[in-house]
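Enquirer: My questions will all concern the structure given below.
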Amino acid sequence: MTRVVIDPNELAALSALCRNTSYDVAGVATEAQHRTDHLAQLVGPDALRLTALVDQAVHLLHRVATQLDDDALALATLGQRGAAADALGDLAGNEHSLLTRFNLGDNE
Numbered sequence: 014m015t016r017v018v019i020d021p022n023e024l025a026a027l028s029a030l031c032r033n034t035s036y037d038v039a040g041v042a043t044e045a046q047h048r049t050d051h052l053a054q055l056v057g058p059d060a061l062r063l064t065a066l067v068d069q070a071v072h073l074l075h076r077v078a079t080q081l082d083d084d085a086l087a088l089a090t091l092g093q094r095g096a097a098a099d100a101l102g103d104l105a106g107n108e109h110s111l112l113t114r115f116n117l118g119d120n121e
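Be aware that the sequence shown starts at 14, since it is given in this note's numbering, and climbs by one per residue.
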């Protein structure tokens, strides 16, 4: 079994990074949609294919953004639970170290 110690502040920082990245990914998707019409005029007969490819990419980008939002929420929740448990001294050994501990590996 491996023990991992993570500072709840680090989890909060990772959560913020996920939220910011989600926002950036959604922005790329929106920008791609806005530029498709102009590009379609430039490519002429391949416009339908280009539009279909961009639509597919935009759909995938929105899925990535949604997953990043979900991850941000999960990380924030985990960090809050860890900080609360540490503040109460509920972790192994009644430690008050403001660290979240995870036991990874086989459920022994």
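By construction, the Cβ of each residue, glycine as well, lies at the ideal position given by its N, Cα and C atoms.
State buried or exposed for GLY95, treating a residue as buried only when at least 16 other CB atoms are found within 10 Å of its CB.
Expert: The residue is buried, with at least 16 neighbouring Cβ atoms inside 10 Å.
Enquirer: Using a Cβ-Cβ cut-off of 8 Å (strictly less than) and excluding sequence neighbours within five positions of LEU88, which residues of its own chain qualify?
Expert: Around LEU88: LEU24, ALA25, LEU27, SER28, CYS31.
Enquirer: When you compare each of LEU66, VAL41, THR64 to ALA78 by their alpha carbons, which one comes out closest?
Expert: Closest option to ALA78, Cα to Cα, is VAL41.
Enquirer: Does the distance from the C-beta atom of LEU12 to that of VAL56 stay below 7 Å?
Expert: Because the chain is modelled from 14 through 121, residue 12 falls outside the range shown and cannot be assessed.
Enquirer: Check this for me: beta carbons of LEU81 and THR43, under 7 Å apart or not?
Expert: No, these two residues do not count as a Cβ contact at 7 Å.
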